[in-house]
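What follows is a single structure, written as structure tokens, with notes after it.
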Amino acid sequence: MSSPILSFETSSSGQCGDILTAPPETNRRPVVGFLGCAYFEYWRMFRPGFKDDVIRDLERVAENLRKDYDVVFPGLIDTLDAADSAGRAFSAAKLDLLVVAAGTYVPDYITLQAIDHAPQVPVVMFTTQVGDTIHPSDGYETIMRNSGVIGTAQLSATFQKMGRPYEIVVGAIDEKRPYEEIRRLARVRRVVADLKQLNVGVIGHVFRGMYDLENDKTRIRGSLGPNVIYTELSHLMDVWRKVTGQETAALADSLLARFKMQKIGRDDLLRSCRVAIAMERLVERLRFTSLCFLGQYCIERETGAPARLGASLMLEKGKTMVASEGDLAGLTIMHAMNWLSGNSPLQAEWGHYDVHRNVMMLVGHGVASPGIAASDAGVTLTAAPEEWGFVGSGVNMEFIMKEGPVTMAHLLDTADGWQMVISGGDSVGSAPLPCDEIHALVRLERPVHEFVAEMQRAGVPHHVIVTHGDIRRELALLASALQIKAIAV
Numbered sequence: 001m002s003s004p005i006l007s008f009e010t011s012s013s014g015q016c017g018d019i020l021t022a023p024p025e026t027n028r029r030p031v032v033g034f035l036g037c038a039y040f041e042y043w044r045m046f047r048p049g050f051k052d053d054v055i056r057d058l059e060r061v062a063e064n065l066r067k068d069y070d071v072v073f074p075g076l077i078d079t080l081d082a083a084d085s086a087g088r089a090f091s092a093a094k095l096d097l098l099v100v101a102a103g104t105y106v107p108d109y110i111t112l113q114a115i116d117h118a119p120q121v122p123v124v125m126f127t128t129q130v131g132d133t134i135h136p137s138d139g140y141e142t143i144m145r146n147s148g149v150i151g152t153a154q155l156s157a158t159f160q161k162m163g164r165p166y167e168i169v170v171g172a173i174d175e176k177r178p179y180e181e182i183r184r185l186a187r188v189r190r191v192v193a194d195l196k197q198l199n200v201g202v203i204g205h206v207f208r209g210m211y212d213l214e215n216d217k218t219r220i221r222g223s224l225g226p227n228v229i230y231t232e233l234s235h236l237m238d239v240w241r242k243v244t245g246q247e248t249a250a251l252a253d254s255l256l257a258r259f260k261m262q263k264i265g266r267d268d269l270l271r272s273c274r275v276a277i278a279m280e281r282l283v284e285r286l287r288f289t290s291l292c293f294l295g296q297y298c299i300e301r302e303t304g305a306p307a308r309l310g311a312s313l314m315l316e317k318g319k320t321m322v323a324s325e326g327d328l329a330g331l332t333i334m335h336a337m338n339w340l341s342g343n344s345p346l347q348a349e350w351g352h353y354d355v356h357r358n359v360m361m362l363v364g365h366g367v368a369s370p371g372i373a374a375s376d377a378g379v380t381l382t383a384a385p386e387e388w389g390f391v392g393s394g395v396n397m398e399f400i401m402k403e404g405p406v407t408m409a410h411l412l413d414t415a416d417g418w419q420m421v422i423s424g425g426d427s428v429g430s431a432p433l434p435c436d437e438i439h440a441l442v443r444l445e446r447p448v449h450e451f452v453a454e455m456q457r458a459g460v461p462h463h464v465i466v467t468h469g470d471i472r473r474e475l476a477l478l479a480s481a482l483q484i485k486a487i488a489v
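If you count by our numbering, then the sequence shown holds residues 1 to 489, one letter each, in order.
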């Protein structure tokens with residue numbers, strides 16, 4: 001007789017009734033449908049080669065799209081039957097985005113026949129033409145070959161009358177700019193889908209009194225996508241007790257081979273390494289995609305060590321996003337910013353500012369990959385700056401974020417619904433401050449006094465997520481896709 005399937009709270013096997021066995025598929029190559037339309041009536045009106053020219057135009061669009069996506073292109077759609085067949089192919093393909101382009105004017109009944117088979121798929125109307133110049137020799141056939149704007153304009157009006165959302169991209173067939181915009185839209189839609197695949201494990205709760213970080217997990221699920229799973233500290237402790245001294249020593253030695261050490265002893269490092277190994281194993285056992293933990297008087301008191309080192313090491317591996325103090329909204333935007341930028345994020349708090357250099361300091365809670373430093377040589381294993389129940393000095397990483405453009409953002413569930421505050425700047429490369437902490441110095445694009453006032457006027461948590469790269473446009477598109485308010489500061 002087979003053993004009964006148990007919940008993750010009681011099971012010691014690999015399968016649980018309330019945790020997905022297979023890991024979610026996230027950050028995959030987007031799947032884009034391409035609806036290339038024309039109007040069958042024109043084939044009898046113009047020279048025999050006109051249809052071939054239009055087909056080649058649309059195939060060039062499809063080929064340009066294939067550079068970035070897995071493309072579902074059923075070929076020329078010029079009749080209602082062809083549109084219906086294409087729509088069924090789109091419906092079966094699990095599209096992230098549907099791009100609609102017209103090689104000639106085409107009436108809405110043809111395009112809608114295909115689009116309506118995939119009613120939940122976001123639509124991008126690509127208003128394109130053969131070139132970007134009107135020549136003195138252009139005749140009526142050329143005008144019709146570039147008349148896709150009539151079809152997409154008509155379709156946009158129809159969508160407005162129907163109350164159906166859409167995006168518009170304009171550009172010539174071989175122009176790079178429109179495909180870059182489509183790439184942004186496809187990536188954002190992939191992020192929206194991936195957020196719904198997240199299983200966020202929570203150890204502990206929001207730190208007492210941090211009302212800005214308190215969130216209803218049902219509202220997170222309904223508006224942002226992630227599934228929040230609360231787990232007991234005892235689950236971590238069960239794994240922690242099984243970590244061997246040999247394993248902790250091996251991890252400690254590997255870290256000492258990479259980083260300098262100050263203010264701590266080997267026993268401090270071994271205690272933190274043991275917690276780091278246990279955190280990663282808990283995530284693997286319960287198949288969490290990310291982890292939100294409370295260190296203060298929670299993990300630190302029970303294990304005798306901070307969880308900071310474990311968080312940084314998991315972030316460095318890139319498989320798991322980790323946030324502290326119960327910041328579920330911050331953890332959500334960490335995932336999005338990681339996927340959109342390709343860079344590991346830093347969870348930080350707003351620090352003090354420098355008026356003369358127009359710089360804002362962002363100071364972390366030991367929650368960032370050492371990979372965001374300029375090199376391992378700039379990273380030091382040091383004492384934890386705050387003591388919340390651990391033994392000895394604790395362990396933290398001290399380093400500064402390497403230079404380059406950065407994006408800063410966070411989410412807040414306000415009285416009027418979710419909002420995303422987005423800003424940017426440049427991380428200033430310099431020697432790390434002697435603060436026993438991960439930190440960044442960000443030069444702002446507007447005067448620092450004005451920046452701080454506008455940021456707080458908008459309403460932001462005391463946490464901020466920052467990552468290398470300028471993804472402000474992508475985050476604004478993400479906010480629109482999630483139907484939440486975006487505020488640029």
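Every residue gets a Cβ at the ideal spot worked out from N, C-alpha and C, and that includes glycine.
Based on the DSSP output, what are the partners of residue i in its beta bridges?
i: arginine 443; result: Val359, Asp426
i: leucine 411; result: Met420
i: isoleucine 550; result: Nothing can be reported for residue 550: it is not among the residues displayed for the chain, which extend from 1 to 489.
i: asparagine 199; result: Asn227
i: glycine 371; result: Beta-bridge pairing links glycine 371 to no other residue.
i: glutamate 167; result: Val124
i: lysine 485; result: Gln419
i: lysine 260; result: Thr380
i: arginine 328; result: Residue 328 is actually leucine in this sequence, not arginine. In DSSP, leucine 328 forms no bridge with anything.
i: aspartate 70; result: Val31
i: isoleucine 400; result: His439
Hey, would you say residue i sits closer than 8 angstroms to residue j, going by beta carbons?
i: proline 291; j: proline 461; result: Before going further, note that residue 291 is leucine rather than proline in the sequence given. No.
i: glycine 151; j: valine 106; result: yes
i: alanine 102; j: alanine 38; result: yes
i: leucine 198; j: glycine 222; result: no
i: valine 395; j: alanine 384; result: yes
i: arginine 184; j: leucine 482; result: no
i: lysine 512; j: serine 369; result: No information on residue 512 is available, as it lies outside the stretch 1 to 489 that the chain covers here.
i: valine 442; j: methionine 314; result: no
i: phenylalanine 159; j: alanine 118; result: no
i: arginine 187; j: proline 30; result: yes
i: alanine 409; j: isoleucine 484; result: no
i: serine 423; j: valine 363; result: no
i: asparagine 215; j: alanine 329; result: yes
i: aspartate 507; j: leucine 155; result: Within the shown structure, residues of the chain are numbered from 1 to 489, placing residue 507 beyond reach of any answer.
i: phenylalanine 40; j: aspartate 70; result: no
i: valine 239; j: leucine 331; result: no
i: threonine 128; j: isoleucine 173; result: yes
i: glycine 469; j: asparagine 343; result: yes
i: valine 279; j: alanine 252; result: Note on identity: in this sequence residue 279 is methionine, with valine being the wrong assignment. Not a contact, by the Cβ cut-off of 8 angstroms.
i: proline 345; j: isoleucine 487; result: no
i: histidine 463; j: aspartate 267; result: no
i: valine 498; j: glutamate 403; result: Only positions 1 to 489 of the chain appear in the structure, and residue 498 is not among them; the question remains open.
Give a yes or no on whether the minimum CB-CB distance between residue i and chain B is below 8 angstroms.
i: glutamate 181; result: The structure shown contains no chain B, having only a single protein chain.
Using 8 angstroms for Cβ pairs, my map puts residue i next to residue j. What's the rounded Cβ distance?
i: isoleucine 438; j: phenylalanine 399; result: 6 angstroms
i: leucine 340; j: arginine 189; result: That pair is no contact at about 12 angstroms.
i: methionine 420; j: leucine 475; result: 6 angstroms
i: arginine 274; j: alanine 305; result: 7 angstroms
i: threonine 382; j: aspartate 426; result: Contact flag wrong, Cβ pair sits at about 26 angstroms.
i: valine 130; j: leucine 35; result: That pair is no contact at about 19 angstroms.
i: phenylalanine 73; j: alanine 83; result: Actually they are not in contact, since the Cβ atoms of phenylalanine 73 and alanine 83 sit about 14 angstroms apart, beyond 8 angstroms.
i: glycine 87; j: glutamine 113; result: 6 angstroms
i: alanine 309; j: alanine 276; result: In the sequence on display, residue 309 carries leucine and not alanine. Their Cβ separation, rounded to whole angstroms, is 5 angstroms, which keeps leucine 309 and alanine 276 in contact under 8 angstroms.
i: lysine 578; j: threonine 380; result: Any answer about residue 578 is impossible in this case: the structure gives the chain only from 1 up to 489.
i: glutamate 325; j: valine 228; result: In fact, because the Cβ distance is near 15 angstroms, the residues do not count as touching under 8 angstroms.
i: glycine 245; j: glutamate 316; result: Wrong, their Cβ atoms sit about 23 angstroms apart, outside the cutoff.
i: glycine 204; j: leucine 294; result: 3 angstroms
Tell me whether residue i is buried or exposed, calling it buried when 16 or more other Cβ atoms sit within 10 Å of its Cβ.
i: methionine 45; result: exposed
i: threonine 133; result: exposed
i: glycine 209; result: exposed
i: histidine 335; result: buried
i: glycine 265; result: exposed
i: tyrosine 179; result: buried
i: glutamine 296; result: buried
i: proline 165; result: exposed
i: histidine 365; result: buried
i: threonine 104; result: buried
i: tyrosine 211; result: exposed
i: threonine 532; result: Nothing about residue 532 can be reported from this structure: the residues present for the chain run from 1 to 489 only.
i: leucine 286; result: buried
Taking 7 angstroms as the cut-off, is the C-beta of residue i nearer than that to any heavy atom in the ligand COA?
i: glutamate 232; result: Questions concerning the ligand COA fall outside what the structure shown contains, since it holds no ligand whatsoever.
* To do: Report yes or no: do the region 445-455 and the region 337-355 share at least 3 C-beta pairs separated by less than 8 angstroms?
  => yes
* Counting pairs of Cβ atoms below 8 angstroms between the region 123-143 and the region 165-176, do you hit three or more? -> yes
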